[in-house]
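For the sequence shown, the working numbering assigns the number 406 to the last residue and increments by one with no breaks.
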Amino acid sequence: MAYLFPSPAWVDAFKDALNASAAYKVSAAHWEGDFYFIVSAKGALQEPVKFYLDLWHGQCRDAYIVEGADDKTPEFEIEGTLDVFRQIFEHQLDPIRALVSRKLKLKGNLGKIMRSVKATLDLVNAAASVDTTYPGE
Numbered sequence: 270m271a272y273l274f275p276s277p278a279w280v281d282a283f284k285d286a287l288n289a290s291a292a293y294k295v296s297a298a299h300w301e302g303d304f305y306f307i308v309s310a311k312g313a314l315q316e317p318v319k320f321y322l323d324l325w326h327g328q329c330r331d332a333y334i335v336e337g338a339d340d341k342t343p344e345f346e347i348e349g350t351l352d353v354f355r356q357i358f359e360h361q362l363d364p365i366r367a368l369v370s371r372k373l374k375l376k377g378n379l380g381k382i383m384r385s386v387k388a389t390l391d392l393v394n395a396a397a398s399v400d401t402t403y404p405g406e
């Protein structure tokens, strides 16, 4: 079954993929940090979509689409267009390169992410493993 990105069902499938990933469990064993991922309104996406991930020692403890106000103050916010996220999930764009080139906008400590490149790549691989469709397809 294909899941529409970004949607609550896709975020749930992504959480499951992260928690099933042996590679992510090892590479992120020491990671502590949570995120807002924000998909900007552009092209086929009429409104921005924000989702939250709580990543802790190789597990995704919580993941959901943020609707309205949220009481979280995550350590990181990463924002990009639907096209940029799709390129990353389809392995056409390296996520670290996207951050450094500002195709993805980051609020938070880039150095911490740079010290966890393998975990970042394993996170992307988990996202890529989700059968995904995109708005406008």
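All C-beta atoms in this analysis are idealised placements derived from N, C-alpha and C, irrespective of residue type, glycine included.
Please read all numbers here as calculations on a predicted model, not as lab measurements.
Practice problem: Please work out which residues of its chain come closer than 6 angstroms, Cβ to Cβ, to residue 316, disregarding the five sequence neighbours upstream and downstream, and give them in chain order. | Solution: Residue mapping note: residue 316 aligns to position 47 of the sequence shown, counting from 1. Same-chain partners within the cutoff: 310.
Self-check item: Nearest-angstrom Cα separation, counted from residue 322 out to residue 329
Solution: Here residue 329 is taken as the residue at index 60 of the sequence shown, counted from 1. Here residue 322 is taken as the residue at index 53 of the sequence shown, counted from 1. Rounded to whole angstroms, residue 329 to residue 322 spans 7 angstroms at the Cα level.
Quiz item: Tell me which same chain residues have a C-beta within less than 6 angstroms of the C-beta of residue 306, skipping the five on either side of it?
Solution: Counted from its first residue, the sequence shown places residue 306 at position 37. Taken in chain order, the residues that qualify are 320, 347.
Quiz item: Using DSSP with H/G/I as helix, E/B as strand and the rest coil, what is residue 320?
Solution: Taking the first residue of the sequence shown as 1, we reach residue 320 at position 51. In this structure, residue 320 counts as strand in the three-state DSSP scheme.
Quiz prompt | Unbroken beta strand (DSSP E) run spanning residue 328, endpoints | solution = Counting from 1 along the sequence shown, the entry for residue 328 is found at position 59. Element bounds for residue 328: 328 to 335.
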